[in-house]
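Participant: Taking our numbering, I'd label the letters of the sequence shown as residues 1 to 266. For every residue, glycine included, the Cβ atom is placed at its ideal position computed from N, Cα and C.
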Amino acid sequence: MKQGLSKSWQRTPISYYGGKQTMLPHILPLIPEHQIYVEPFFGGGAVFWAKAPAKSEIINDFNANVVNFYEVLKTDFEALKILVEKTIVSRETYKSALVMYHSPFVFTPVQRAWAFWYATNCGFSNQILSCRFDKTSKNSKLLVNKILEFSESYSERLKYVQIENNDASAVIASHDTEYTFIYCDPPYVGANQGHYGGYTQEYFNELLSSLSKIKGKFLLSSYQNEYLLKYVNEFGWYQKEITLHLGTSKTAGKKRIEVLTANYEI
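#1: Report buried or exposed for Ser39, applying the criterion of at least 16 other Cβ atoms within 10 angstroms of its Cβ.
#2: Between the beta-carbon of Ser103 and the beta-carbon of Gln10, is there less than 9 Å?
#3: On the DSSP bridge list, what partners appear for Ser222?
#4: With DSSP as the reference, label Ser56 as helix, strand or coil.
#5: Hey, how far is the Cα of Glu71 from the Cα of Ala115?
#6: Below 8 Å CB to CB, which residues in the same chain sit around Ala168 once its five sequence neighbours on both sides are set aside?
#7: Which same chain residues end up closer than 8 Å to Gln162 when comparing Cβ atoms and leaving out the 5 residues on each side of it in sequence?
#8: Counting Cβ pairs, one atom from each stretch, are 3 or more of them under 8 Å apart for the segment 44-53 and the segment 19-33?
#9: Are the segment 30-39 and the segment 68-87 touching, with three or more C-beta to C-beta distances below 8 Å?
#10: Expressed to the nearest angstrom, what Euclidean distance is found between the alpha-carbon atoms of Ile36 and Thr12?
#11: Would you list, in sequence order, the uninterrupted beta strand (DSSP E) runs of no fewer than 3 residues that lie entirely inside the segment 47-112?
#12: If you follow the beta strand (DSSP E) that Ile214 is in, where does it begin and where does it stop?
Laid out in structure tokens, this is it:
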């Protein structure tokens, strides 16, 4: 039985570059039954926050700021909530958040978690290093909504979740069983990767190689790729194209085609 939106569904606590909020109607129905859920490129975790919990869950990200945010959200929610509720939407606050973001060893884990939360939710088009403060900007309203939505339910959802800061292929290998489902949303090769810049074709090839060896099931989000097609043909993987209409002022009327790839029928 495949999944739809969980009864406990909630939006991701951060607005993350490359997030899959708009893809949820396409992704959730394709998730197969599983006992172990693994997400090697967690980021904002839109799929995780929307799907029903599994018996065992592992979330991973190679960005230490991402991992710190979720660890604090899980184990020190009240301290983080105090900073979130005191947040003032202003250019100066944003500058302070960036200082904490870029100097992680100078500040406490809670301060770093708040800075990451603020910078991601304030960033224009969900990019940490780009924020707008003008009369026409929607950022202020969106950030206020994020403050209002910041509840203990996020911490509760993470209570039994294992959080890792490791290489994606290592995480996949260490948690692979016939009962495992892996959702992979790596930075897209050949596209703007925001603050995840540097994810190369070589890394993507390593990921494909890892996925070709697993006992469990996987679903991969990406753009079409010649190396990906080679694996699809060699291993009999399934693909589904999703056409999305872009919504920013600069891209209005344009489309992009995302590809979902799986080692089971979709």
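Facilitator: Looking at the coordinates:
#1: The sequence shown places Glu at residue 39, not Ser. Buried: at least 16 other Cβ atoms inside 10 Å.
#2: Contact: no.
#3: Residue pairing of Ser222 in beta bridges, as defined by DSSP: Val259.
#4: DSSP, reduced to helix, strand and coil, places Ser56 within a strand of the structure shown.
#5: Their Cα atoms are separated by approximately 14 Å.
#6: Answer for Ala168: Pro40, Phe41, Asn60, Phe62, Cys184, Pro186, Leu207, Ser210, listed in chain order.
#7: Ser56, Glu57, Ile58, Ile59, listed in sequence order.
#8: Touching, yes, given that three or more Cβ pairs across the two stretches are closer than 8 Å.
#9: Because the criterion of three Cβ pairs below 8 Å is not met, the segment 30-39 and the segment 68-87 do not touch.
#10: Here the C-alpha atom of Ile36 lies approximately 21 Å from the C-alpha atom of Thr12.
#11: The qualifying runs are 56-60.
#12: Segment: none, Ile214 is in no beta strand (DSSP E) and carries neither H nor E.
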